[in-house]
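Student: Residue numbers (the numbering used here): 91 to 311.
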Amino acid sequence: MAIPTLPLNDGRHIPQIGYGCWQLSDAQAPDLVGQALRAGYRLIDTAAAYGNEAGVGRGIRDAGIPREEIFLTTKLWNDRQGRDEARRAFDESLRQLGLPYVDLYLIHWPCPQRRLFVETWKTLIELRKEGRAKSIGVSNFSPEHLATLIGETDVAPAVNQIELHPYFQRKEPRAEDARHGIVTESWSPLGRGKELNDPVILAIAEAHGKTPAQVVLRWQI
91 MAIPTLPLND GRHIPQIGYG CWQLSDAQAP DLVGQALRAG YRLIDTAAAY
141 GNEAGVGRGI RDAGIPREEI FLTTKLWNDR QGRDEARRAF DESLRQLGLP
191 YVDLYLIHWP CPQRRLFVET WKTLIELRKE GRAKSIGVSN FSPEHLATLI
241 GETDVAPAVN QIELHPYFQR KEPRAEDARH GIVTESWSPL GRGKELNDPV
291 ILAIAEAHGK TPAQVVLRWQ I
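1. Is the CB-CB distance between VAL249 and LEU162 below 8 Å?
2. Provide the residue span of the beta strand (DSSP E) that contains GLU275, from first to last.
3. Which whole-angstrom value describes the C-beta separation of PRO105 and ARG132, a residue pair presumed to lie in contact below a C-beta threshold of 8 Å?
4. Quick one: give me the first and last residue of the alpha helix (DSSP H) that GLU159 is part of.
5. Per DSSP, LEU196 is paired with what?
6. Ordered along the chain, which non-local residues of its own chain (more than five positions away) have a Cβ less than 7 Å from that of GLY45?
7. State the Cα-Cα distance for the pair LEU184 and ARG170, rounded to the nearest angstrom.
8. Going by DSSP, what residues sit across from TYR109 in a beta bridge?
9. Quick check on the burial criterion: 16 or more other C-beta atoms within 10 angstroms. Buried or exposed for ILE311?
10. Can you tell me the Cα-Cα spacing of CYS111 and ILE160, whole angstroms?
11. Return the bridge partner residues of GLN251 from the DSSP annotation.
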């Protein structure tokens, strides 16, 4: 299964479809991540907040697939924002994963009330320069958050990961991302399963001989 890729604004590429590890336990992760990689997935998405980085890293190491063929994302949790704290959190994630670098490191939420996301972003820029985070991005950032981030650092995220599906189409954030050359990446692409029983989606699936999940994923890409 060859998965197409999308170009990032830093010259790298990201697989268009990935395997998300939210709600996987650390014990489940090695087997399930390994199965996903053997099935053809190359993008693996986890986060410090998921509590499964160690298991995800083990699954990647044990899968028998060259590391350079895998695109691994992890994320910085809210209480670790700040210049020095973000660096410590990143180092902890690498230790948990048992890997020397990640392909994409995201600020999980902007937490604007803490007023630390710009300072945190500057740390991510440093991590990218060091080569330990090959690409850097954000998650759940609004157009206003992006304007602040880019205005103060002149560095646009490679990715903005947001909730996105047919029930929640996010036209304004997607347009703003596109204006800055930012790839919009979807979390909860199937709407937590609710859309799989939607009459319109079911009718489209039946008409084309596809599953409802395939219809929604086709809408995504």
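Think of the CB as a built atom: it goes at the ideal place given N, C-alpha and C, for glycine as much as any other residue.
Tutor: From the atom records:
1. No, these two residues do not count as a Cβ contact at 8 Å.
2. 273-277
3. 5 Å
4. First-last for GLU159: undefined, no H or E at that position.
5. LYS165 and GLY227
6. With the chain covering only 91 through 311, there is no way to say anything about residue 45.
7. 15 Å
8. ILE134
9. Under this definition ILE311 is an exposed residue.
10. Going by the C-alpha atoms only, they are around 15 Å apart.
11. SER229 and GLU275
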